[in-house]
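This note's numbering puts the first residue of the sequence shown at 161, with every later residue one more than the last. Just so you know, even glycine gets a beta-carbon here, dropped at the ideal spot from N, CA and C. Data block below; observations after.
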Amino acid sequence: MGLIPYGVISKSHGFGAGVRLVPYSRDLSNLAFIKSVYIKTGGSADFKKYTILGRSISKKYAILDLEGLETFEQAQELRGKEVFVQTEQLSNPSEDEYYFFELIGLSVFSTDNKLLGKVSKITDSAQNILVVEMLSGKQSLIPFTEPIVKEVDVINKRIVIDPPAGLLEL
161 MGLIPYGVIS
171 KSHGFGAGVR
181 LVPYSRDLSN
191 LAFIKSVYIK
201 TGGSADFKKY
211 TILGRSISKK
221 YAILDLEGLE
231 TFEQAQELRG
241 KEVFVQTEQL
251 SNPSEDEYYF
261 FELIGLSVFS
271 TDNKLLGKVS
281 KITDSAQNIL
291 VVEMLSGKQS
301 LIPFTEPIVK
311 EVDVINKRIV
321 IDPPAGLLEL
């Protein structure tokens, strides 16, 4: 069972035991299919599983009713906690679409097969940006767009880019 970070509980909802989940991604469509979430309870490997009993999804967040949460106080205790989901519960992305967790750690190559660095994170903004830790030790921001990103091979853990002149020097 692989768990990936999905979002954070920002606060309780109303006077009941509901919680507001703010996702790390702008796309909440997967939440309709997710049956349970995992929340860190203590140490790095300690998770508690919560079955989702009900959900209300808006553009920027979701309200979840979780099994085992009976009171407002119990919901408040989860405030600020990170929420994880099983990768198996996520729908398969369309062709040429990827989950961020699939891209982090991939090696980045130039079109002439020169290793440039590794993807350390991705910004979720109007235009997704790959943050690449270059072999030189510096960080480069690479727009995740078709003219620059030529190939993504998740299985072989590589991305091929053709950056415009000067992009890697910024």
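Residue i classed as buried or exposed, judged by whether at least 16 other C-beta atoms fall within 10 angstroms
i    : result
V188 : The identity of residue 188 in the sequence shown is Leu, whereas the question assumes Val. L188 should be labelled buried.
L276 : buried
S196 : exposed
A235 : buried
P323 : buried
G228 : exposed
L295 : exposed
S280 : exposed
P253 : exposed
Cβ-Cβ distance between residue i and residue j below 8 Å
i    : j    : result
I223 : R180 : yes
F269 : I289 : no
L263 : S300 : no
I302 : V312 : no
G214 : V168 : no
K310 : G265 : no
V320 : T271 : yes
K278 : S267 : yes
E242 : P307 : no
Cβ-based neighbour list, residue i, same chain, cut-off 8 Å, excluding 5 preceding and 5 following
i    : result
F207 : L163, Y198, I199, K200, T201, F244
Y258 : V312, V314
F193 : Q249, L250, S251
Spatial distance of residue i from residue j (CA atoms)
i    : j    : result
G297 : L226 : 44 Å
F174 : E230 : The identity of residue 174 in the sequence shown is Gly, whereas the question assumes Phe. Approximately 13 Å, taken between the alpha carbons.
F261 : Y210 : 22 Å
S251 : E237 : 30 Å
K220 : A205 : 28 Å
S172 : G326 : 47 Å
S218 : L191 : 11 Å
Y184 : S285 : 11 Å
D256 : S216 : 29 Å
Segment limits, alpha helix (DSSP H) that includes residue i
i    : result
L250 : Per DSSP, L250 belongs to no alpha helix (DSSP H) and is neither H nor E.
Q299 : From DSSP, Q299 is part of no alpha helix (DSSP H) but of the beta strand (DSSP E) over 299-303.
F261 : 260-263
E311 : Run containing E311: none in the alpha helix (DSSP H); it sits in the beta strand (DSSP E), 309-313.
E233 : 232-237
Same chain, Cβ closer than 7 Å to residue i, neighbours up to 5 away in sequence not counted
i    : result
G176 : F232
T247 : G162, I164
First through last residue of the beta strand (DSSP E) which encompasses residue i
i    : result
L290 : 289-294
A222 : 222-226
C-beta neighbour in chain C for residue i, strict 8 Å
i    : result
I315 : Looking at the structure shown, chain C is missing, and only one protein chain is on hand.
Close-in-space but distant-in-sequence residues of the same chain around residue i (CB under 6 Å, 5 per side omitted)
i    : result
S170 : R180, V182
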